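Asks: By the numbering used here, the letter at position 168 of the sequence shown is numbered 281, and the numbering carries on one by one without gaps. The beta-carbon is built from N, C-alpha and C at its ideal position, and this holds for glycine as well. Here the structure is a predicted model, which means the values were calculated and not measured. Before we start, here is the structure in question, set down as structure tokens.
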Amino acid sequence: MKRNVLVYGTIGGLITAVWVLIAMVVFSHGLDMTVGMILGYTSMFIANIFLVVGVKNYRDKYNGGVITFGKAFKVGILITLLASTIYVINWLIYDYATGSQVMESYSKSMHDQLVESGASEVFIAKQDAEMKEFMIQYQNPLFKAAMTYMEILPMGILFTLITAIVLRRKVPKTIDQQLN
């Protein structure tokens with residue numbers, strides 16, 4: 114199981130890590146934050162496909178074609194945690210190494226969207242104050258790591274649950290086919 118988790122978790126983590134690096138280069142040339150977020154979550158979706166492949170591979174090649182919900186969940190969540198950790202570490206290294214201004218860009222983007230939507234000045238001022246408070250908290254490395262995990266982990270957990278439900282099998286496929 115370890116090898117399977119390491120292989121598929123690393124693949125998933127590297128997909129998201131490479132995306133972070135590409136996205137930051139593109140963002141530095143003025144890409145809309147909304148487009149960036151859509152592309153980022155798309156890369157996470159693609160990375161989570163390797164979670165499904167990893168659980169299926171474990172079931173079929175290492176577990177005789179049989180896997181319980183619990184075992185599938187365990188394999189899937191370990192792949193998710195490894196991929197997520199690679200993503201978070203990559204982001205933290207990038208952010209600290211480059212002195213990233215992502216939060217400032219995000220804050221400005223949110224402010225501009227509120228202005229364009231016609232929100233009241235009171236509401237905009239309140240949102241700007243909340244964003245400034247968040248940016249202060251985001252300077253704490255533990256808070257930054259936790260927020261970065263919250264970008265990727267929920268999707269991984271959802272993929273893990275669905276995968277464990279869909280791929281569970283109590284009887285090997287060869288025996289199951291003979292019975293039908």
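1) The alpha helix (DSSP H) spanning M114 covers which residue range?
2) Could you work out which residue in A130, T123, I192 is closest to N271 when comparing CA atoms only?
3) Anyone know if the C-beta pair for V139 and V188 falls short of 8 Å?
4) With V284 as the anchor, note down where its alpha helix (DSSP H) starts and where it stops.
5) With a threshold of 7 Å on Cβ separation, who are the neighbours of T276 within its own chain once the five nearest residues in sequence on each side are excluded?
6) Within 10 Å of its beta-carbon, does G183 have 16 or more other beta-carbons around it, so buried, or fewer, so exposed?
7) How many Å lie between V322 and E243 at the Cα?
8) Rounded to a whole number of angstroms, what is the C-alpha to C-alpha distance between Y175 and L127?
9) Could you name the residues that DSSP lists as bridge partners for I180?
10) Please go through the same chain and pick out, in chain order, the residues whose beta-carbon is closer than 6 Å to the beta-carbon of G178, but skip the five residues on each side of it.
11) So what's N161 in DSSP terms, helix, strand or just coil?
12) Quick check: the Cα distance between T181 and T273, rounded to an integer number of angstroms?
Replies: Straight from the coordinates:
1) Here M114 belongs to no alpha helix (DSSP H), and DSSP marks it neither H nor E.
2) Note that residue 271 is Leu in the sequence shown here, rather than Asn. Answer by Cα proximity: I192.
3) no
4) Counting along the chain, V284 falls outside any alpha helix (DSSP H), and DSSP gives it neither H nor E.
5) L164, V165, V168, A185, G189
6) exposed
7) For residue 322 there is no data in the structure shown, the boundaries of the chain being 114 and 293.
8) 24 Å
9) R282
10) P285, K286
11) helix
12) 13 Å
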